[in-house]
Amino acid sequence: MGYRVQQETGIVLSLLGLLLLHHVEAIVRYEVADSLSASELFPFAVSLQLVALDGAKRPQHFCGGTYLGRGWILTAAHCVIAVNQSNIVAQLGGHELEQEPAAAELPAGPPHRYPVVEVRILGSYNPVTMVGDIALLRIEAPVPKGGTAAERALWQRRHQLRLPLPTDRIAMNGEMCYIFGYGSEDYDGPISRTLRYGTVLALEPDRCVGMMGAVVAPPPDSGMFCAIGRADACRGDSGGGYVCRSPSSKGRFVLRGIISYGVGCGAAGTPGVYTDVAYYLHHYQPAITAFPSDRMRSA
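Just so we're aligned, residue -10 is where the sequence shown starts under my numbering, counting upward by one.
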């Protein structure tokens, strides 16, 4: 994954050489053992889209997100801080952009784009250092209307994933994790219509500083971390999830991070910087308490 010099929100990072930063990622597909498609692997993937003011065009993808269930989405603060929430809709399910999902995939039926009705951003978010780059969005929770009760329950489970405990920390011991999004392959390229994904591994802070430099690397103990792999991010991937599976998670993904920023674009082998979800989880406790308790266990 890789990040670019400009944010989607138009904030110019001109201080301390931060012009190298990009807050948008484009994921280079990396084949893994799973034979499932990206949308099947990551049904909780979200495309955040801007609605044209005149309503003449289809909503346009600008950032990613991760659906937590019950109407809540996690994304990056820099994606939404300068955008009127009434102009944002969320497409759920990791489906191809501009394509309606089949009824069997989404029992609720159309619309599969849901207006964002609330945006929560931490007061500690710093648009220069990118510390605190996390936001919680609320949509009217999809309520499947068709199918049996079991089918409706299955849809809800498929579109959810586990959250870490606030005391969890990012594993630096080789835990395999994934990033996903609709970002472009280069900064001037088009947004991908299909969801793509790649594998990454978390880096120790000192290695991150050695590769990115002390100015660009996240400050220590800031709730941000670095990861590297054969995938990089670019324009349009910001806000997407960094999810992991471990033996103790019983095959379910755990949301550990949010795509925030990096250097270059789509450059495999270049570290990216992510927001640590566990670090900031307690700030959103009023919303998080609505989730089933089994999703609060450590992965």
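Backbone N, C-alpha and C define an ideal beta-carbon position, used for all residues, glycine too.
- Query: Are the region 180 to 196 and the region 216 to 227 in contact at 8 Å, needing three or more beta carbon pairs?
  - Reply: By the Cβ test, the region 180 to 196 is in contact with the region 216 to 227, since at least three Cβ pairs between them sit closer than 8 Å.
- Please list, in chain order, all residues of the same chain as threonine 118 whose beta carbon is under 8 Å from its beta carbon, the five residues on each side excluded. For the purposes of this step, residue 118 is taken as the residue at position 129 of the sequence shown. Excluding positions up to five away in sequence, the list reads Pro207, Pro208 and Ser211.
- Task: Count the other CB atoms, across all protein chains shown, that sit within 10 Å of the CB of leucine 270; report buried if there are 16 or more and exposed otherwise.
- Result: Position 281 of the sequence shown, counted from the start, is the residue given in the question as residue 270. Burial of leucine 270 is indicated by the presence of at least 16 other C-beta atoms within 10 angstroms of its C-beta.
- Message: So glutamine 49 and glutamine 80 are supposed to be a Cβ contact under 8 Å. How far apart are they, rounded?
- Response: By 1-based counting over the sequence shown, the position of residue 49 is 60. By 1-based counting over the sequence shown, the position of residue 80 is 91. That belief does not hold up - the Cβ atoms of glutamine 49 and glutamine 80 are roughly 11 Å apart, past 8 Å.
- Where does serine 211 fall in DSSP's three states? Taking the sequence shown and counting its residues from 1, the one referred to as residue 211 is at position 222. DSSP places serine 211 in the coil class of the three-state scheme, outside both helix and strand.
- Can you grab the Cα-Cα spacing for the pair histidine 272 / valine 40, in whole Å? The residue labelled residue 272 in the question sits at position 283 within the sequence shown. The residue labelled residue 40 in the question sits at position 51 within the sequence shown. Rounded to the nearest angstrom, the two C-alpha atoms are 29 Å apart.
- Is serine 227 buried or exposed, if buried means 16 or more other CB atoms sit within 10 Å of its CB? As a working mapping, residue 227 is identified with position 238 in the sequence shown. With 16 or more other Cβ atoms within 10 Å, it is buried.
- Please work out which residues of its chain come closer than 7 Å, Cβ to Cβ, to asparagine 115, disregarding the five sequence neighbours upstream and downstream, and give them in chain order. Indexing the sequence shown from 1 puts residue 115 at position 126. Here the set comprises Gly121.
- Item | Spatial neighbours of valine 108 in its chain, beta-carbon cut-off 7 Å, leaving aside the 5 residues before and after | Sequence index remark: in the sequence shown, residue 108 carries index 119 (1-based). The residues are Val69, Gln74, Ala124 and Leu126.
- Do cysteine 52 and glycine 230 have their C-beta atoms within less than 8 Å of each other? Taking the sequence shown and counting its residues from 1, the one referred to as residue 52 is at position 63. Taking the sequence shown and counting its residues from 1, the one referred to as residue 230 is at position 241. No Cβ-Cβ contact shorter than 8 Å links cysteine 52 with glycine 230.
- Beta-carbon separation (whole angstroms), alanine 267 vs arginine 151, contact threshold 8 Å: If you number the sequence shown from 1, residue 267 lands on position 278. If you number the sequence shown from 1, residue 151 lands on position 162. About 12 Å separates the Cβ atoms of alanine 267 and arginine 151, ruling out a contact at the 8 Å cut-off.
- Task: Throw me the rounded Cβ distance for the valine 252 and valine 205 pair, which I believe falls under 8 Å.
- Result: As a working note, residue 252 is residue 263 in the sequence shown. As a working note, residue 205 is residue 216 in the sequence shown. Their Cβ separation, rounded to whole angstroms, is 6 Å, which keeps valine 252 and valine 205 in contact under 8 Å.
- To which residues of the same chain is tyrosine 19 closer than 6 Å at the C-beta, ignoring the five residues directly before and after it? The sequence position of residue 19 within the sequence shown is 30, counting from 1. Any reading at tyrosine 19 needs caution, since the residue's pLDDT is 39, under 50, leaving its predicted position unreliable; the model's value is listed next. Hits under 6 Å: Gly187, Thr188, Arg219 and Ala220.
- Mind checking who tyrosine 231 pairs with in its DSSP beta bridge? Against the sequence shown, residue 231 aligns to sequence position 242. According to DSSP, tyrosine 231 bridges with Ile168 and Gly246.
- Task: Return yes when the Cβ of leucine 86 is within less than 8 Å of the Cβ of tyrosine 167, no when it is not.
- Result: Locating residue 167 in the sequence shown gives position 178, counting from the first residue. Locating residue 86 in the sequence shown gives position 97, counting from the first residue. No. Outside cutoff.
- Using the DSSP secondary-structure output, state which residues sit across from threonine 52 in a beta bridge. For the purposes of this step, residue 52 is taken as the residue at position 63 of the sequence shown. Note on residue identity: the sequence assigns cysteine, not threonine, to residue 52. DSSP output for cysteine 52 lists Leu37 as bridge partner(s).
- Message: Using the three-state DSSP reduction, which class does arginine 185 fall into: helix, strand or coil?
- Response: Within the sequence shown, numbered from 1, the residue matching residue 185 stands at position 196. In the three-state reduction of the DSSP assignment, arginine 185 falls in the strand class.
- Query: Based on the DSSP output, what are the partners of isoleucine 217 in its beta bridges?
  - Reply: The count along the sequence shown starts at 1 and reaches residue 217 at position 228. Answer is Leu190, bridged to isoleucine 217.
- Which first and last residues belong to the beta strand (DSSP E) in which alanine 124 is found? Mapped onto the sequence shown, residue 124 falls at position 135. Residues 124 to 128.
- Over the uninterrupted beta strand (DSSP E) stretch that includes leucine 86, give me the two end residues. By 1-based counting over the sequence shown, the position of residue 86 is 97. From DSSP, leucine 86 is part of no beta strand (DSSP E); its letter is neither H nor E.
- Message: I need the DSSP call for tyrosine 268, collapsed to helix, strand or coil.
- Response: As a first step, residue 268 must be located in the sequence shown, where it is residue number 279. In the three-state scheme derived from DSSP, where H, G and I count as helix and E and B as strand, tyrosine 268 is classed as helix.
- Message: Taking the straight line between their C-alpha atoms, what separation do you get for arginine 234 and proline 104?
- Response: Indexing the sequence shown from 1 puts residue 234 at position 245. Indexing the sequence shown from 1 puts residue 104 at position 115. Taking the CA atoms as reference points, arginine 234 sits about 30 Å from proline 104.
- Message: Within a Cβ cutoff of 6 Å, which residues of the same chain sit near glycine 6, ignoring the five residues on either side of it in sequence?
- Response: Here residue 6 refers to the residue found at position 17 of the sequence shown. For glycine 6, the predicted structure reports a pLDDT of 32, less than 50, and the residue's modelled location is therefore unreliable. A value from the coordinates is still provided. So the list reads Val204, once near-sequence residues are dropped.
- Based on Cα-Cα distance, which residue from Asp175, His67 and Val72 lies nearest to serine 249? Taking the first residue of the sequence shown as 1, we reach residue 249 at position 260. Nearest neighbour of serine 249 by Cα position, chosen from Asp175, His67 and Val72, turns out to be His67.
- Compare the C-alpha of glycine 60 against each of Ala71, Phe33, Leu25 and Cys254 and name the closest. The residue you call residue 60 lines up with position 71 of the sequence shown. For the residues Ala71, Phe33, Leu25 and Cys254, the minimum Cα distance to glycine 60 belongs to Phe33.
- Query: What does a CB cutoff of less than 6 Å around valine 106 pick up in its chain, not counting 5 residues either side in sequence?
  - Reply: Residue numbering aside, residue 106 sits at position 117 when the sequence shown is read from its first letter. Excluding the 5 residues flanking it on each side, valine 106 has same chain C-beta neighbours closer than 6 Å at Arg127, in chain order.
- Per-residue burial, arginine 245 [other beta carbons within 10 Å of its own, 16 or more giving buried]: The sequence position of residue 245 within the sequence shown is 256, counting from 1. That one is buried.
- Message: By the three-class DSSP mapping on this structure, what secondary structure does tyrosine 273 have?
- Response: Residue 273 sits at position 284 when you count from the first residue of the sequence shown. Helix at tyrosine 273.
- Going by beta carbon distance, what residues of the same chain come within less than 8 Å of leucine 42, once the five residues before and after it are set aside? As a position in the sequence shown, residue 42 is number 53, starting the count at 1. Once the five neighbours on either side are set aside, the close Cβ partners of leucine 42 are Asn76.
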